[in-house]
Amino acid sequence: MIESVLARYDEVGMINDAAFAREWVTTRHRGRGLAKRALADELRRRGVDSETAGAALDELDPETEEATAFALAERKVRTARGEPDAVFRRVVGMLARKGYPAGLAIRAVKAAMEAQAAEAEELDDGYAELVDQIDPDALADAARGDSDPI
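In the UniProt record's numbering, the protein residues as written are 1 to 150.
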C-alpha cells in the first residue's frame, strides 16, 4: 500500500529530490550564506543522494560563493567589536562554520578589515598592523595542516 502511494506521488511529480535540492541550495545560500560544503552536508542529512546533491551544488558558481563570503565578512567586520586579532579569528571562524575553505575565509576577512580601515579614513594601528602581517596562503596551509604559520 505505502509503495503504491509513493509510486503515485513520484509519478505526478510530488516527490522530486532534484527540485528540492536545487531550491534548498538556492534558499540556504542566499538566506544563511552557506557554502557548498555546508550545503552538501545538509542535503546528505536530509537523505538526498550525492549525485542529485552534486548537480544542485554545481549550479552555485564559485564567483557567487566567493562574493557571498566577502559580503558576509564585510558585514561582520563592520559590526564587530574588540581587538583586531580577536575580530579576525571570530569572523574567519564564522565563515568556516558556514563551510567556506580556510583560504577564502582568510582572504575575505583580510579584505573586509582593509576596507574597514580605509573607510574610517584613519588607519587604526591595530587593524593596519594585523592586516599587514596576514599571509592568507600560509594560514590556509596551516589550517590544512601542511605547515606551521609561524
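Beta carbons are placed, not taken as given, at the ideal position from N, Cα and C, and that holds for glycine.
Proximity to A67 across A19, M113, L104 peaks at L104, based on C-alpha coordinates. Residue burial is scored here from C-beta neighbours: P62 has fewer than 16 other C-beta atoms within 10 angstroms and is therefore classed as exposed.
E3 is classed as exposed because its beta carbon has fewer than 16 other beta carbons within 10 Å across all chains shown. The three-state secondary structure of R107, taken from DSSP, is helix. Between V131 and M113, the C-beta spacing is below 8 Å.
Burial of A140 is indicated by the presence of at least 16 other C-beta atoms within 10 angstroms of its C-beta. Using a Cβ distance threshold of 8 Å, A73 and V109 count as a contacting pair. Here Q133 is exposed. Its C-beta has fewer than 16 other C-beta atoms within 10 Å.
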